[in-house]
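Chemist: Got a structure for you, questions after.
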Amino acid sequence: MSATLTTALWDLGRGAGVAALVAFTISLVLGIVTRSGRDALGLGRFGLNEVHRTAALTGVGLVAVHLGTLLFDPYAQLRLVDLVFPFLGSYRPLWLGLGTLAVDLLGVITVVSLLRDKVGPRVFKAVHWATYALWPVALMHAIGTGTDAATLWLDGVALGCVAAVAAAVTWRLSPSFDTRGWTRTPRQVAR
Amino acid sequence: MTTRLHVDWTRCDGHGSCAELLPELLGSDEWGFPLSRTGEPEPRVPRQLDDLARRAVSACPLQALRLRESA
Ligand code: SF4
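Okay, structure coming up:
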């Protein structure tokens, strides 16, 4: 293989990985907005949900590219087993292992989400909570592994993602999140 | 064969996606919960709205909307 082609795989693999992190960040934030029941961004409530889903599936596609290129990349030296079982790799096993863990989580979440009508809302919702574990694991993998670790542009992207998710989660946890701007009137019980 | 739109009220949380996608059959009450516009409690879905009704069903974030076929 020529030198340019091998670095092309390496570049594509890393680029797809970073793009996937951005896609999952968008999906997570829009998922929280969807859950709030508010019509934000003028997309309509169904529109928000569709963009949330599209962003997530885009991320899944980018992860597939990320795995496919790095599997064939001579630098990364990934083995098939590293795609499934975490922490066995020889190259930065902790950081790579986090990536593998993220892929495992992502696989389960994606399959269950696509089979939403089969599994019903309870299972769908329970498994969807795992995205709150997936995102930080994917983030740590992105920051910790690879040649881009501690480069300014990657730190910038990562910081932006953290800020967006932190803002959305803080809002999610705030008392006004569930009220959709209403005030509840306590029921008056006649005595 | 008639298709009717059924809302599972134990699941619905008044997000209102359905009313946005199917304004012909559903409105929203002031809390965002869907209201039938046809006067029937479970509005009949005319054939030309069939596709849109299916989209509304799949867009409901809580899987509260269903199509019910009856003879
Ligand atoms: S989209 Fe679903 S949850 Fe939202 S109002 Fe309609 S039926 Fe209820």
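Chains A and B, in that order, are what the protein sequence lines are.
The letter at position 88 of the first sequence is residue 88 when you use full-length UniProt numbering, and the numbering goes up by one with no holes.
The letter at position 23 of the second sequence is residue 23 when you use full-length UniProt numbering, and the numbering goes up by one with no holes.
Glycine included, C-beta positions come from ideal geometry on N, C-alpha and C.
Give me, in chain order, the residues of the same chain whose beta-carbon lies closer than 8 Å to that of L134 of chain A; leave out the 5 immediate sequence neighbours on both sides.
Modeler: Indexing the first sequence from 1 puts residue 134 of chain A at position 134. So the qualifying residues of the chain are F24, A102, L105, L106, I109.
Chemist: Express the C-alpha separation of V81 of chain A and V45 of chain B in angstroms, rounding to a whole number.
Modeler: The residue labelled residue 45 of chain B in the question sits at position 45 within the second sequence. The residue labelled residue 81 of chain A in the question sits at position 81 within the first sequence. Going from the Cα of V45 of chain B to the Cα of V81 of chain A covers about 51 Å.
Chemist: Report whether the distance from the Cβ of G16 of chain B to the nearest heavy atom of the ligand SF4 is below 7 Å.
Modeler: Position 16 of the second sequence holds residue 16 of chain B. G16 of chain B Cβ: within cutoff of the ligand SF4.
Chemist: Would you mind working out which of A:A166, A:A16, A:V189, A:V119 sits nearest I32 of chain A, comparing C-alpha positions?
Modeler: The sequence position of residue 32 of chain A within the first sequence is 32, counting from 1. Checking every option, the nearest Cα to that of I32 of chain A belongs to A:A166.
Chemist: Should G32 of chain B be counted as a contact of the ligand SF4 given a C-beta to heavy atom distance under 7 Å?
Modeler: Here residue 32 of chain B is taken as the residue at index 32 of the second sequence, counted from 1. Within the cutoff, so yes.
Chemist: Mapping DSSP to helix, strand and coil, what is P136 of chain A?
Modeler: Taking the first sequence and counting its residues from 1, the one referred to as residue 136 of chain A is at position 136. Note: P136 of chain A maps to helix in three-state DSSP.
Chemist: If you follow the beta strand (DSSP E) that P34 of chain B is in, where does it begin and where does it stop?
Modeler: As a position in the second sequence, residue 34 of chain B is number 34, starting the count at 1. Here the beta strand (DSSP E) through P34 of chain B covers 34-36.
Chemist: Compute the distance between the beta-carbons of S36 of chain B and L22 of chain B, then report whether it is under 8 Å.
Modeler: Looking up residue 36 of chain B in the second sequence gives position 36. Looking up residue 22 of chain B in the second sequence gives position 22. For S36 of chain B and L22 of chain B, no; Cβs fall outside 8 Å.
Chemist: Name the chain B residues whose beta carbon is nearer than 9 Å to that of P93 of chain A?
Modeler: Residue numbering aside, residue 93 of chain A sits at position 93 when the first sequence is read from its first letter. Result: empty, since nearest Cβ-Cβ is about 39 Å, beyond 9 Å.
Chemist: Could you check if V157 of chain A is buried or exposed, using at least 16 other CB atoms within 10 Å of its CB as the buried criterion?
Modeler: Residue 157 of chain A sits at position 157 when you count from the first residue of the first sequence. Its Cβ being crowded by 16 or more others within 10 Å, V157 of chain A is buried.
Chemist: Count Cβ pairs between the segment 9-21 of chain A and the segment 57-65 of chain A that sit closer than 8 Å; are there 3 or more?
Modeler: Yes, since at least three Cβ pairs between the segment 9-21 of chain A and the segment 57-65 of chain A fall closer than 8 Å, the two stretches touch.
Chemist: For F87 of chain A, does the count of other Cβ atoms within 10 angstroms reach 16, so buried, or fall short, so exposed?
Modeler: Translated into positions along the first sequence, residue 87 of chain A becomes position 87. Under this definition F87 of chain A is an exposed residue.
Chemist: Measure the C-alpha to C-alpha separation of R92 of chain A and V51 of chain A and round it to an integer number of angstroms.
Modeler: What you label residue 92 of chain A is simply residue 92 of the first sequence in a count that begins at 1. What you label residue 51 of chain A is simply residue 51 of the first sequence in a count that begins at 1. Those two C-alpha atoms are separated by around 35 Å.
Chemist: For H6 of chain B, decide whether its Cβ has a neighbour in chain A, counting only Cβ atoms nearer than 8 Å.
Modeler: Translated into the one-based positions of the second sequence, residue 6 of chain B becomes position 6. With 8 Å as the cut-off, H6 of chain B does not count as an interface residue toward chain A.
Chemist: Do you know how far the Cα of P136 of chain A is from the Cα of E30 of chain B?
Modeler: If you number the second sequence from 1, residue 30 of chain B lands on position 30. If you number the first sequence from 1, residue 136 of chain A lands on position 136. The straight-line gap from Cα to Cα measures roughly 38 Å.
Chemist: Could you check where the beta strand (DSSP E) with S70 of chain B kicks off and where it finishes?
Modeler: The count along the second sequence starts at 1 and reaches residue 70 of chain B at position 70. From DSSP, the beta strand (DSSP E) with S70 of chain B extends over 65-70.
Chemist: Start and end of the alpha helix (DSSP H) containing L173 of chain A?
Modeler: Numbered from 1 along the first sequence, position 173 holds the residue referred to as residue 173 of chain A. Here the alpha helix (DSSP H) through L173 of chain A covers 152-173.
Chemist: Can you list, in chain order, the residues of the segment 41-63 of chain B whose Cβ is nearer than 7 Å to any Cβ on chain A?
Modeler: Those residues of the segment 41-63 of chain B that come within reach of chain A (Cβ to Cβ, closer than 7 Å) are A59, P61, L62, Q63.
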